[in-house]
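The next block holds one structure in the form of structure tokens; read it before the comments.
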Amino acid sequence: MKPLKTLSAWLEKFEGIVLSLALLFMIGLGFLQVILRNFWDTGIEWGDPVVRAMVIWVGFLGASIATHQKSHIQLDLVSKFLPEKAKKFAGIIAHFGSAAVCLLLADAAYKFMVMEREARTLLIDGVPNWIVIVIIPVSFLVMTARFFIHGLDDVVRLFKPEKEGAA
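Structure follows, in structure tokens:
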């Protein structure tokens, strides 16, 4: 279990670096586009499609990081009415269920990416659209693994005896 958590933590650091660079590039390019349009009545031809592509990358990298940190969107209505032991089981079911849904979405996203690749659609001249889309199945696979790790961790904590003095 510990090697999986270590791998996930290293991956989060890598994702954070890529996310930061993508966000910086996206904001910089968007700002440059605004300046060029407002002051010189021109712009970068490929600027808008690239900014839109970066939004996809930033969104999916952010979702993956949020999953690692357990700060993703949660529907917590049911657990408010459950006893403590049932909350733990609900958490396990939620994590493994989320892993299953992410796996299905990864499969659908992969099929979509393959269709885009076969269609040879372009984002801009010389850059195929499937390169933008590759982040979607990859992110869903990473989120699948992370939800699965969270579920396993919940199972271990459910059956692990509480230590003396632990809060």
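In this note's numbering, each residue's number is its place in the sequence shown (first place is 1) plus 694. Think of the CB as a built atom: it goes at the ideal place given N, C-alpha and C, for glycine as much as any other residue.
Of the listed residues the options, nearest to residue i (C-alpha basis)
i: Leu755; options: Asp848, Phe834, Ile738; result: Phe834
i: His762; options: Phe853, Phe842, Val850; result: Phe842
i: Ile750; options: Pro777, Glu706, Leu698, Asn823; result: Asn823
i: Met809; options: Trp704, Ile825, Pro777, Gly791; result: Ile825
i: Pro795; options: Lys779, Met837, Met807, Glu778; result: It is worth fixing the name first, because residue 795 is Val in this sequence and not Pro. Of the candidates Lys779, Met837, Met807, Glu778, the one whose C-alpha sits nearest the C-alpha of Val795 is Met837.
i: Leu717; options: Gly753, Thr700, Ser702; result: Gly753
i: Gly722; options: Val832, Met748, Lys774; result: Met748
i: Leu705; options: Lys781, Arg746, Val832; result: Val832
i: Ala800; options: Ala839, Ala760, Leu852, Ile711; result: Ala839
i: Ala760; options: Ser702, Val850, Ala813; result: Ser702
i: Arg746; options: Val712, Phe733, Met720; result: Met720
Three-state secondary structure assigned by DSSP to residue i
i: Val828; result: coil
i: Phe841; result: helix
i: Leu717; result: helix
i: Ile729; result: helix
i: Pro777; result: coil
i: Gly710; result: helix
i: Ile738; result: coil
Under 8 Å between C-beta atoms of residue i and residue j
i: Glu709; j: Ser765; result: no
i: Ile829; j: Phe806; result: no
i: Phe790; j: Gly741; result: no
i: Lys782; j: Asp848; result: yes
Proximity test, residue i beta-carbon vs the ligand SAH heavy atom, cut-off 7 Å
i: Trp740; result: For the structure depicted, the ligand SAH is absent and the ligand set is empty, with no information on it obtainable.
Are the segment 784 to 794 and the segment 813 to 822 in contact at 8 Å, needing three or more beta carbon pairs?
no
Okay, do the segment 714 to 728 and the segment 736 to 751 touch, 3+ Cβ pairs below 8 Å being the bar? yes
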